[in-house]
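Residue numbers (the numbering used here): 44 to 323. Built from N, CA and C at the ideal position, the CB exists for glycine as well. Predicted model only: the values in this text are computed from it and were never measured. Before any comments, here is the structure.
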């Protein structure tokens, strides 16, 4: 089943391609914590629910609030999570969501960089976390977050920007502003300290991801990385042709710029890892 709401994510395809990249990252993030199995957790931007499912398995006596603003993702998540009675799926922005109780953990994977106002996000997380008297046991009220960091996809975005501002497309990108914010670790740490988070661990790691061939790379890049660019092009028949042309030019440029075949279909990720706590 495909969901085609205008301006929304292609959740059906994302559910497939994210298993190659984001799902693997998120599994590692989940394993940063020693779970008690009874925590109350928000999965902030749950996407298609693949990682929500892993969280739910960790919490047989707990609960996961799976939150996403995208209607297509919500439909896909409901399909993926229909057998879990410890998950509640909510369509909302996580900066505005109202939940009935305080959270033990707020988990977010590959999503926070789509929010331009990190101060608002972290302040909202602070208000949603359960105040605890002592977080030194590492069982306290906690953020577990991984997202894109400063320098993320720099090589990839350089090629995308070159095509977007070429003669064929520059009219569509005249007032173009990036819809993402790749934060620096020092800036994030300072912001978290100002809000009141303690025991902060903020660090980067680079993760070049290799996809097996042009077809799979094309499917991934179109669905995930290129989405903001393709949305700038018209949605009619001419728009579909433009989107195909944009994608083909990008793929040809990548193929031309990378001599070593084993590195050709790769993505130059830089991840920002955030672990911190709220104390009362």
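Which one of the options has the shortest CA to CA distance from residue i?
i: residue 60; options: 261, 281 and 283; result: 261
i: residue 314; options: 53, 72, 54 and 57; result: 72
i: residue 164; options: 143, 184 and 136; result: 136
i: residue 203; options: 296, 154, 114 and 230; result: 296
i: residue 68; options: 250, 236, 286 and 284; result: 250
i: residue 227; options: 191, 270 and 139; result: 191
i: residue 174; options: 319, 218 and 147; result: 147
i: residue 288; options: 316, 197 and 210; result: 210
i: residue 138; options: 237, 162, 95 and 125; result: 162
i: residue 216; options: 171, 247, 309 and 273; result: 273
Give the secondary structure of residue i by DSSP, where H, G and I count as helix, E and B as strand, and everything else as coil.
i: residue 225; result: coil
i: residue 309; result: strand
i: residue 71; result: helix
i: residue 277; result: coil
i: residue 135; result: coil
i: residue 188; result: strand
i: residue 156; result: helix
i: residue 319; result: strand
i: residue 244; result: strand
i: residue 149; result: strand
Looking at residue i: is its Cβ nearer than 8 angstroms to the Cβ of residue j?
i: residue 185; j: residue 79; result: no
i: residue 160; j: residue 119; result: no
i: residue 150; j: residue 98; result: yes
i: residue 243; j: residue 229; result: no
i: residue 219; j: residue 321; result: no
i: residue 88; j: residue 111; result: yes
i: residue 102; j: residue 84; result: yes
i: residue 311; j: residue 196; result: yes
Quick one: is residue i buried, meaning 16 or more other Cβ sit within 10 Å of its Cβ, or exposed?
i: residue 156; result: buried
i: residue 323; result: exposed
i: residue 319; result: buried
i: residue 144; result: exposed
i: residue 82; result: buried
Contact check, residue i vs residue j under 8 angstroms by CB: the rounded distance?
i: residue 267; j: residue 199; result: Not quite, the Cβ-Cβ distance comes to about 11 angstroms (not below 8 angstroms), so this is no contact.
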